[in-house]
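Visitor:
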Amino acid sequence: MSCDEASTPDTSPRSTCYQIVWEPYLNDLGSLPAYCTAGQHIWRSIVPLIHFWVVEGHHPERVLRQFGMKQGRPETVDTSIELHKITL
463 MSCDEASTPD TSPRSTCYQI VWEPYLNDLG SLPAYCTAGQ HIWRSIVPLI
513 HFWVVEGHHP ERVLRQFGMK QGRPETVDTS IELHKITL
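The opening residue of the sequence shown carries number 463 in this note's numbering; numbering runs sequentially from there.
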């Protein structure tokens with residue numbers, strides 16, 4: 463099987479990243495209940511995610527190619543250790 467072909471469970475017990483076909487759910491959004499599509503304007507927000515004392519950057523623009531979209535060169539993101547300092 464070449465890397466351009468999709469793998470199915472009956473043809474291969476394992477999948478690699480080259481055998482996965484990403485298909486966004488854009489065509490199916492109209493059939494979903496309203497509560498599933500509420501807040502679409504923030505789905506791809508670039509914001510810090512905060513969970514108690516842990517703060518991590520959320521950068522959905524860095525995975526656009528995985529969902530069949532065009533992705534430009536990502537901007538540099540500050541990953542300084544100071545951003546991850548925890549004082550309890």
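Backbone N, C-alpha and C fix where the C-beta goes; we use that ideal spot for every residue, glycine too.
Using the Cα positions of residue 500 and residue 491, report the straight-line distance between them to the nearest angstrom.
Guide: For residue 500 and residue 491, the distance between alpha carbons rounds to 11 Å.
Visitor: What residue range does the alpha helix (DSSP H) around residue 500 cover?
Guide: Where residue 500 is concerned, there is no enclosing alpha helix (DSSP H), given that its DSSP letter is neither H nor E.
Visitor: To the nearest angstrom, how far is the alpha carbon of residue 541 from that of residue 517?
Guide: Near 12 Å, if we compare the C-alpha coordinates of residue 517 and residue 541.
Visitor: What first and last residue would you give for the beta strand (DSSP E) that runs through residue 512?
Guide: Per DSSP, residue 512 belongs to the beta strand (DSSP E) from 510 to 513.
Visitor: Nearest-angstrom Cα distance between residue 468 and residue 526?
Guide: Note that residue 468 scores a pLDDT of 47, beneath 50, so its modelled location is shaky; the value from the coordinates is reported in the next line. C-alpha separation (whole angstroms): 20 Å.
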